[in-house]
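Notes follow the structure.
There are 4 protein chains.
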Amino acid sequence: MANQKISEGDYAILYLDVRRTYMVKVEAGKTFHTHKGYLELDELVGKEFGATVQSSLGIAFTLLKPVLTDYIMKSSRKTQITYPKDTALIVMFSGIGAGSRVVEAGTGTGALTTALAHYVKPDGKVYSCEIREEFQKVAEKNLKRAGLLEFVELKNRDVTAGIEERDVDAVVLDLATPWLVAPHAYEALKPAGIIVSFSPTIDQVVKMTEALRELNFICVETVECLMRAMQVERGKTRPHTLMTGHTGYITCARKALRLERA
Amino acid sequence: MANQKISEGDYAILYLDVRRTYMVKVEAGKTFHTHKGYLELDELVGKEFGATVQSSLGIAFTLLKPVLTDYIMKSSRKTQITYPKDTALIVMFSGIGAGSRVVEAGTGTGALTTALAHYVKPDGKVYSCEIREEFQKVAEKNLKRAGLLEFVELKNRDVTAGIEERDVDAVVLDLATPWLVAPHAYEALKPAGIIVSFSPTIDQVVKMTEALRELNFICVETVECLMRAMQVERGKTRPHTLMTGHTGYITCARKALRLERA
Amino acid sequence: MANQKISEGDYAILYLDVRRTYMVKVEAGKTFHTHKGYLELDELVGKEFGATVQSSLGIAFTLLKPVLTDYIMKSSRKTQITYPKDTALIVMFSGIGAGSRVVEAGTGTGALTTALAHYVKPDGKVYSCEIREEFQKVAEKNLKRAGLLEFVELKNRDVTAGIEERDVDAVVLDLATPWLVAPHAYEALKPAGIIVSFSPTIDQVVKMTEALRELNFICVETVECLMRAMQVERGKTRPHTLMTGHTGYITCARKALRLERA
Amino acid sequence: MANQKISEGDYAILYLDVRRTYMVKVEAGKTFHTHKGYLELDELVGKEFGATVQSSLGIAFTLLKPVLTDYIMKSSRKTQITYPKDTALIVMFSGIGAGSRVVEAGTGTGALTTALAHYVKPDGKVYSCEIREEFQKVAEKNLKRAGLLEFVELKNRDVTAGIEERDVDAVVLDLATPWLVAPHAYEALKPAGIIVSFSPTIDQVVKMTEALRELNFICVETVECLMRAMQVERGKTRPHTLMTGHTGYITCARKALRLERA
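Line by line, the protein sequences give chains A, B, C and D.
Each residue of the first sequence is one higher than the last, beginning at 1 in the working numbering.
Each residue of the second sequence is one higher than the last, beginning at 1001 in the working numbering.
Each residue of the third sequence is one higher than the last, beginning at 2001 in the working numbering.
Each residue of the fourth sequence is one higher than the last, beginning at 3001 in the working numbering.
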């Protein structure tokens, strides 16, 4: 595992409390301002992750090494990002792991791409397609920050027109018309390979499910996931009042080979 | 990626429909009986994953290469297993990936161990502790079947008495009294390392949360996750009637270093 | 309020534990058999509700006076019955109370009819339409048992062909094609009157919503309700594992008058 | 049913769209200002409920006759009010109907009181206790507005010190320490009478459940209810993103008589 002392150029999480955490790049001469005072970032160099530092106002911030969920949650929010709960399920249902080859579309700002890259490293690859060039720039920056850019090939492509890769382990879709990509996904996947699609509306789910069934995908299933946070304190324990009621549905399927004509 | 033709000794999923899938080991001379007829397993050798075969009664079964969720769901159910939804979140919240070193307790029948091993391979390690020897045997078999045994060290140990490893990236707990393990987890974790605990009752969550806060863990958060499957068919689309109402709560935290100096 | 001593002919709930309750009619010469022994029902006459009696095997059963939810839950289950959670919301959203006039369709076995009648008594009326005569018989029996038959007019009618009543306060629908009834409901309702429709599928909800909007209904809203039971015991408190994942969606709207003039 | 023409002194709902509705009292010489222009309220007199009027800016508002849920949602929000979903379940679980006698505590701003009064009229009574006199004033105003004050006796009382009524059908509690009231509720209830308690925290539920079991209440059950609104539009149908994650738990029980010593 990586060295636990902070070096110049590292990213670090500054933790104030459960609701207030900030991701910074430790650079000489930079100052990070918060409403609880400022921190000179080059003073963080050489500190250990897990250590506590004080702002100019004497407020304690704990230094944390960013993990996957931090990179996901701190992605530039130029598009809707899939929540960690959905990302976690998409990754697991896709069946990927170290060495997997995955096609993703669209890239968006790279939140889901970051997760896929994290789990296929060190010897797999994510082929991530996006039609809007401006998003690719953001995604590239986010992947670089997470140290995962080398596991991703960012492609400026319209996947509804076709997928170039073949024999991939999984295809992961987070776009408006997944049913237009389903036939290309069938061609790109290796036999028994897995497709996972994320969609906010029921109508998308129905169209995608129909397309998958027609294409000879099997194990076609759709789920939705609700996550609720708890307020835990002896004598006052209860679920939080606020909750995200809906993000999207996750549809999965596996490629069955078509019966050859004898 | 592995060869897609089935060899003797491979595991395969026989898919009949969404609700009926079977995992078999392809062995010469073995017959697999279902209520839809039998299959001679050595006839599967050389078939491609994704292909369809017929049982003695002419019923089609599709051959699928097992992925992580199959191994998890088909684990011998001698203990409660964490559901894929919980496994997915535990893995993501733990921050682990290829190369991570993780302590797990208890092993149980190895369902969660399988997931952890899958995500730390090819160069990480899961140190999985279990006090009941009979479970270790089952877990060993399940891990071997999933091809992941080499990434796990199964330890017959009572973790409430201490953890031997140091500087691990994560500690993952699925046992009755996680708060008794929390101090040992603090010692075992590297600074800013992550602990994740899964518990069915609120009372366990409260005790664990108190223990974590006292030990100088930060980012202490608890969530529960509800997953609901959809029945998708044009004109009849609706959530399924049956749903698992509760499995357990997931509590996460990160290790902050204690302030030295007086 | 009614006398609390049990008389011959009364209905009573025999409570063994939270999961096992039985509704009986107290009749001379009748014996009620359970797997915990039998009870001679005429021995219940003169007992007070709330009292405990013993079966032939010495097991204690507590006598309870049935309330609305008992009548709903013990209805003959020849059709799907709406759950108490849905019934409660349908009643509240409908705005009805003592004196209201309500059209209901279809009657089914009368579970929802029972609730509506309970809340419009003593001077309101439920006009409950059902096309299948065999169900009306069951509904009549259930309403009689609950003492609510006088507040209901059971009509053997196809409401998709029209509603006879006018100026009703509410129309409550639990049938397969509510959008075919929506125009008739508009005619039957008094201005600003309320329509509530219960449907298991999304497709029904979409069709109904479109019909309502087109007909000049306003306040068109759809909700679904999930109810989860808790297992409450100090040190073991948690939601129950089993839960109903879906019953149906509730769609409500209010009648706005059409603009006259050209 | 009441006359459908608006008279001076009536309350009316002004409906702009699903998210924007306003309750006004129709009084001569009053003007109601919105960001969509103003309405002279005496111009509403003689209009029919369901009719549409125009603001000074030509924006259409539909006039609706307020129903129970309007009065509940428009109550002055000086305290947390129970949501309609909880109110509906509390009412149904309590078993009350026309003629029932109910003790309620605390009154708060009278939202739940309004619902109870609505369902016990025309010949029942709600005895509603509140220790904070300032809330009683608000509750009185809200009940008067809803035309339900005559069915309620507002009592400035600390119910943890005792309940004066006897042989009531139900006791409904929405206060911080329901377990202190449980013994008094037992005394106040008629045999087989029902107690319903609403509490936001698990800890309250556990204490209340223990108290109820000890007091010889039976059928002790706790549920929580989640309501999710749907966005319904062909091609874009989906649950709303925002949702209330938690309001409180509802605990119900019925009074069993204690076994007499022989």
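Glycine included, C-beta positions come from ideal geometry on N, C-alpha and C.
In the three-state DSSP reduction, Val1205/B falls in the helix class (H, G or I). Residues of chain A whose Cβ lies closer than 7 angstroms to the Cβ of Gln1004/B are, in chain order, Lys190 and Pro191.
The alpha-carbon separation between Ser1056/B and Ala1146/B amounts to approximately 29 angstroms. Among the residues facing chain A, Ile1218/B is included, as its CB has a counterpart in that chain under 8 angstroms away. Scanning Ser2007/C, Thr2237/C, Phe2151/C and Cys2225/C for the CA closest to the CA of Leu2089/C turns up Cys2225/C.
Among the residues facing chain B, Ile163/A is not included, as its CB has no counterpart in that chain under 8 angstroms away.
Within the segment 2111-2124 of chain C, His2118, Tyr2119, Lys2121 and Pro2122 place their CB atoms closer than 7 angstroms to a CB of chain D, listed in sequence order. Between the beta-carbon of Gly1124/B and that of Phe1151/B there is about 7 angstroms, and that keeps the pair under the 8 angstroms contact cut. Rounded to whole angstroms, the gap between the alpha carbons of Ala111/A and Ala1117/B is 24 angstroms. The segment 3129-3143 of chain D makes no contact with the segment 3166-3174 of chain D; the number of CB pairs closer than 8 angstroms stays below 3.
Taking 8 angstroms as the CB threshold, Met2227/C lines the interface with chain D. DSSP places Phe1093/B within a helical segment (H, G or I) once states are collapsed to three.
With respect to the 8 angstroms criterion, Thr222/A and Thr209/A are classified as neighbours on the basis of their beta carbons. In chain order, Val3171, Ala3185 and Ala3253 place their CB closer than 6 angstroms to the CB of Ile3195/D, counting only its own chain and leaving out the 5 sequence neighbours on each side. Counting of Cβ neighbours within 10 angstroms places Asp158/A among the exposed residues, the total staying below 16. If you ignore the 5 residues before and after Glu3043/D, its C-beta comes within less than 6 angstroms of no other C-beta in its own chain. The C-beta of Ser2197/C has 16 or more other C-beta atoms within 10 Å across all chains shown, which makes the residue buried.
Taking a Cβ-Cβ threshold of 9 angstroms, none of the residues of chain D is close to Lys25/A; the smallest such distance is about 32 angstroms.
Annotation: the continuous beta strand (DSSP E) that includes Asp169/A extends over Val168 to Leu173. Membership of Thr1031/B in any alpha helix (DSSP H) is not indicated; the residue belongs instead to the beta strand (DSSP E) covering Thr1031 to Thr1034. In the displayed model, Asp17/A falls within a strand according to three-state DSSP. In the structure shown, Pro1200/B adopts coil according to DSSP, grouped into three states. When only Cα atoms are considered, Val2102/C and Lys3236/D end up about 33 angstroms apart. Near chain A, meaning a CB-to-CB distance below 7 angstroms, no residue of the segment 3014-3040 of chain D qualifies. Per DSSP, reduced to three states, the secondary structure at Asn142/A is helical. The three-state reading of DSSP puts Gln2231/C in strand, counting E and B together. When the beta-carbon positions are compared, Thr2113/C and Ser2128/C come within less than 8 angstroms of each other. The way I'd put it, the segment 3013-3023 of chain D doesn't touch the segment 2008-2017 of chain C; fewer than three beta-carbon pairs between them come closer than 8 angstroms. When CB distances to chain D are screened at a threshold of 8 angstroms, the residues of the segment 194-211 of chain A falling below it are Pro200, Thr201, Ile202 and Asp203, in chain order.
Apart from the 5 residues on each side of it in sequence, Leu2039/C sits with its Cβ closer than 6 angstroms to the Cβ of Phe2032 and Ser2055 in its chain, given in chain order.
If you check each beta-carbon in the segment 228-258 of chain A against every beta-carbon of chain D, the ones closer than 7 angstroms belong to Arg228, Gly235, Lys236, Thr237, Arg238, Pro239, His240, Thr241, Leu242, Met243, Thr244, Gly245 and His246.
Pairing Gly1097/B with Lys121/A gives a Cβ-Cβ distance under 8 angstroms. Contact between Lys1065/B and Phe1049/B holds, since their C-beta atoms are separated by about 4 angstroms, short of 8 angstroms. Its Cα nearest to that of Leu1148/B, the residue Ala1115/B stands out among Glu1027/B, Tyr1083/B, Ala1115/B and Tyr1011/B.
Excluding five sequence positions before and after Glu2153/C, the CB atoms of its chain that fall closer than 8 angstroms to its own CB belong to Lys2125, Val2126, Tyr2127 and Ser2128, given in chain order. Between the alpha carbons of Tyr2119/C and Val2067/C lies a gap of roughly 12 angstroms.
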